[in-house]
Amino acid sequence: MNTPVIEVSRIRKTYGKTVAVDEVSFSVNEGEIFGLIGPNGAGKTTTMECIEGIRKPDGGTISVLGLDPFRQAYQLQERIGVQLQQAQLQKRIKVWEAVDLWASLYRKKAVTAEHLLEQLGLTDKRNAWFMNLSGGQKQRLFIALALINDPEVVFLDELTTGLDPQARRAIWELVRGIRGRGKTVFLTTHLMEEAERLCDRVAIIEHGRILDIGTPARLVDRYCPERTVVLTTEDLTADEWFRSMTGVEAVTRTGNQFTIRGLGEDLVTEVIQCLSENRIKVAEFRTILPNLEDVFLKLTGQAIRE
Amino acid sequence: MLRGLWKLTWIEIKVFLREPLGAIGSIVIPVILFIVMSRMLGNLPAMPPAIANKYIRVAVPVFVSVIITLSAVLSLVTIISIYRESGILKRLRATPLRPQTILTAHVVVKLILTAATLSLMVLAGKRYIPAGAHVPLLSFTIALLIGTWSFLSIGFVIASIVPTARFAQPIGAVILYPMIGISGLFLPTTLLPPAIQGLTRVLPLTYVVSLLQGIWMGDAWSAHIGDVTALVLLFVICTTISARIFRWE
Numbered sequence: 006m007n008t009p010v011i012e013v014s015r016i017r018k019t020y021g022k023t024v025a026v027d028e029v030s031f032s033v034n035e036g037e038i039f040g041l042i043g044p045n046g047a048g049k050t051t052t053m054e055c056i057e058g059i060r061k062p063d064g065g066t067i068s069v070l071g072l073d074p075f076r077q078a079y080q081l082q083e084r085i086g087v088q089l090q091q092a093q094l095q096k097r098i099k100v101w102e103a104v105d106l107w108a109s110l111y112r113k114k115a116v117t118a119e120h121l122l123e124q125l126g127l128t129d130k131r132n133a134w135f136m137n138l139s140g141g142q143k144q145r146l147f148i149a150l151a152l153i154n155d156p157e158v159v160f161l162d163e164l165t166t167g168l169d170p171q172a173r174r175a176i177w178e179l180v181r182g183i184r185g186r187g188k189t190v191f192l193t194t195h196l197m198e199e200a201e202r203l204c205d206r207v208a209i210i211e212h213g214r215i216l217d218i219g220t221p222a223r224l225v226d227r228y229c230p231e232r233t234v235v236l237t238t239e240d241l242t243a244d245e246w247f248r249s250m251t252g253v254e255a256v257t258r259t260g261n262q263f264t265i266r267g268l269g270e271d272l273v274t275e276v277i278q279c280l281s282e283n284r285i286k287v288a289e290f291r292t293i294l295p296n297l298e299d300v301f302l303k304l305t306g307q308a309i310r311e
Numbered sequence: 529m530l531r532g533l534w535k536l537t538w539i540e541i542k543v544f545l546r547e548p549l550g551a552i553g554s555i556v557i558p559v560i561l562f563i564v565m566s567r568m569l570g571n572l573p574a575m576p577p578a579i580a581n582k583y584i585r586v587a588v589p590v591f592v593s594v595i596i597t598l599s600a601v602l603s604l605v606t607i608i609s610i611y612r613e614s615g616i617l618k619r620l621r622a623t624p625l626r627p628q629t630i631l632t633a634h635v636v637v638k639l640i641l642t643a644a645t646l647s648l649m650v651l652a653g654k655r656y657i658p659a660g661a662h663v664p665l666l667s668f669t670i671a672l673l674i675g676t677w678s679f680l681s682i683g684f685v686i687a688s689i690v691p692t693a694r695f696a697q698p699i700g701a702v703i704l705y706p707m708i709g710i711s712g713l714f715l716p717t718t719l720l721p722p723a724i725q726g727l728t729r730v731l732p733l734t735y736v737v738s739l740l741q742g743i744w745m746g747d748a749w750s751a752h753i754g755d756v757t758a759l760v761l762l763f764v765i766c767t768t769i770s771a772r773i774f775r776w777e
């Protein structure tokens, strides 16, 4: 499970005076969904395209499935599947023609085109022109093209940008399915919710630099340990009890509503324990947990731009 | 290296024919042009029959053939810049396809369409080609394909320098069409002033026109080795240039 399939070491890419990727290093393990997350222009796509072998880094080393993506580009292309950000196809190419063409480009014939179209819900659209597909259908077609050679590693660049929430959820399900079949998925996204729901591990990138790497939960614990519980109760003695709890940093009250802030993941459990020990009747109870969005804010001092 | 070439070529032909303006512009218009010009010149009472005959016999088919070639080149420039701008070229490169295969497919498409248009022109305009003329059609087709093939390499150079797809058509037209004027198509190059004669020798279209005129009139290939050599040279030079400056995105 922990064999790295992608190893990136200190890669660098500049365009004129702009440093797009600055000493980036990380590795992606077999069978995981790894996300490179950050705002637009952070260097995500450049990094990914260097790993895919369609862009040459100025420095550093990359190994994918033990291959050099630039020198062994064709060997590598046989074994990976790629979806590019904002790519198009010929306007008037039919869905089945695109899949058929792509299938003919690879030596390995493991996946049947019809089966793939069916899996991605494109069977009805097999005779439609590319230009007449909806955004979600186009993305599903690009996923089909990325999967046609039954690749060992799948690259997905900003897969759900511009899609409505329903189409987005459907695509997430598809990506989980890819992992379910034992593939490794490397994706980029600027949507923190997407990263949190989909990725096993993420690397946060900003201005071409990796700020940190870890599971979403661990990153949240590391940078945003504070937890918040909001509850309403008629019991005005509760105030005292809450304040005497360990780990509580602040308690504020507006009318019957209490907001309890504290550090560490035990806070919620302790509040519940306190409520039951003291038989405090609660009408409403909710927790506010920090997420990757907050981590990003903490790390960069600014909110991620949608 | 050839993996995917035929399938890609076939798909590109289908995609091109589905484009309403593409098929009309490069196939139907030259054929109509040929028929209209042949009729017009045939009906001119003021023109001595010998001259009218010469025009219909040589000038019109060669003119239309040059138009076929130039519109193939323009169409190539446009398609390549659109494909680059919309990321199609980049997407195709992220596969085991060799870059040369992608570009070769486009050249093959244009050559097939050129041959098809020429055949249509000959079929539709058969009665304007005098019965006793004995036009060597096979040789002429080969000559036109050599000219088009060579000129498509200019197309790749132009496609490398146009900034965006919007400029592809106008920039291409500005580079290509003025060559028609002094290529010997309307006036024998020997009648032009010496300074301009020098220019015609540098312009590649002159060699296409000379080759097409000669072959249509029944010259042997050996009389046009110079033209063919010039066109092969043009191909080598332009291919070398575009190999250096061609942009995929």
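Residue numbers (my numbering), protein chains in the order written: chain A, 6 to 311; chain B, 529 to 777. No residue lacks a Cβ here, since even glycine has one placed at the ideal position from N, Cα and C.
Check: Closer than 8 angstroms: THR8 (chain A) CB and nearest the ligand FAD heavy atom; Outcome: The model on display carries no ligand, and the ligand FAD is accordingly not part of it.
Check: GLU211 (chain A), DSSP secondary structure in three states; Outcome: strand
Check: For GLN82 (chain A), the nearest candidate out of A:GLN93, A:ARG17 and A:TRP107 (CA to CA); Outcome: A:TRP107
Check: PRO624 (chain B): contacting residues in chain A (beta-carbon distance under 8 angstroms); Outcome: TYR79, GLN82, GLU83, LEU110, TYR111 and ARG112
Check: Identity of the residues DSSP links to SER68 (chain A) by a beta bridge; Outcome: A:GLU12
Check: Unbroken alpha helix (DSSP H) run spanning ILE42 (chain A), endpoints; Outcome: Segment 38-42 is the beta strand (DSSP E) holding ILE42 (chain A); no alpha helix (DSSP H) there.
Check: Start-end ranges of the beta strand (DSSP E) lying completely within the stretch 138-220 of chain A, minimum 3 residues; Outcome: 158-162, 189-194, 206-211 and 214-219
Check: Range covered by the alpha helix (DSSP H) that runs through LEU741 (chain B); Outcome: With the sequence shown as reference, residue 741 (chain B) is identified as Gln, and Leu is not the correct amino acid for it. Run containing GLN741 (chain B): 733-744, per the alpha helix (DSSP H) assignment.
Check: Residues bridged to LYS18 (chain A) [DSSP beta-bridge criterion]; Outcome: A:VAL26
Check: Inter-residue spacing [alpha-carbon to alpha-carbon] between LEU150 (chain A) and GLU37 (chain A); Outcome: 21 angstroms
Check: Range of the contiguous alpha helix (DSSP H) that encloses ARG729 (chain B); Outcome: 722-730
Check: Short Cβ contact (9 angstroms threshold) for PHE544 (chain B) with ILE616 (chain B); Outcome: no
Check: Sequence-distant residues of the same chain with beta carbon closer than 6 angstroms to ILE541 (chain B), five excluded per side; Outcome: VAL637
Check: Alpha helix (DSSP H) runs contained entirely in the stretch 256-294 of chain A, provided each spans 4 or more residues; Outcome: 272-282
Check: For SER614 (chain B) and ARG621 (chain B), the rounded distance between their alpha carbons; Outcome: 13 angstroms
Check: Beta-carbon contacts of ALA701 (chain B) that lie in its chain and below 8 angstroms, excluding the five residues immediately before and after; Outcome: LEU602
Check: GLN88 (chain A): first and last residue of the uninterrupted beta strand (DSSP E) it sits in; Outcome: 85-88
Check: Residue from A:ILE209, A:VAL256, A:VAL287 and A:PRO295 with nearest C-alpha to LEU41 (chain A); Outcome: A:ILE209
Check: One or two residues paired with LYS99 (chain A) in a DSSP bridge; Outcome: A:TRP134
Check: N- and C-terminal bounds of the beta strand (DSSP E) containing LEU236 (chain A); Outcome: 231-237
Check: C-beta contact flag for VAL370 (chain A) and SER30 (chain A) at 9 angstroms; Outcome: The displayed coordinates of chain A run from 6 to 311. Any statement about residue 370 (chain A) would go beyond what the structure contains.
Check: Closest Cα partner of ALA696 (chain B) within the set B:ALA600, B:SER566, B:TYR735 and B:SER609; Outcome: B:SER609
Check: Residues that TRP107 (chain A) contacts on chain B, provided the C-beta gap is smaller than 8 angstroms; Outcome: THR623
Check: Residue environment, THR50 (chain A), which counts as buried when at least 16 other CB atoms sit within 10 Å; Outcome: buried
Check: Beta-carbon contacts of LYS582 (chain B) that lie in its chain and below 6 angstroms, excluding the five residues immediately before and after; Outcome: none
Check: Residues of the stretch 83-102 of chain A with Cβ closer than 7 angstroms to any Cβ of chain B, in chain order; Outcome: GLU83, VAL87, LEU89, GLN91, ALA92, GLN93, LEU94, GLN95, ARG97, ILE98 and GLU102
Check: Validate contact between the stretch 583-603 of chain B and the stretch 554-570 of chain B using beta carbons, cut 8 angstroms, 3 pairs; Outcome: yes
Check: Nearest neighbour of PRO44 (chain A), chosen from A:GLY65, A:THR193 and A:GLU123 [CA to CA]; Outcome: A:THR193
Check: Cβ neighbours of ILE56 (chain A) in the same chain (closer than 8 angstroms, five flanking residues each side left out); Outcome: ILE11, VAL13, ILE67, VAL69, PRO74, PHE160 and PHE191
Check: Coil, strand or helix - PHE544 (chain B) by DSSP; Outcome: helix
Check: Range covered by the alpha helix (DSSP H) that runs through LEU761 (chain B); Outcome: 753-773
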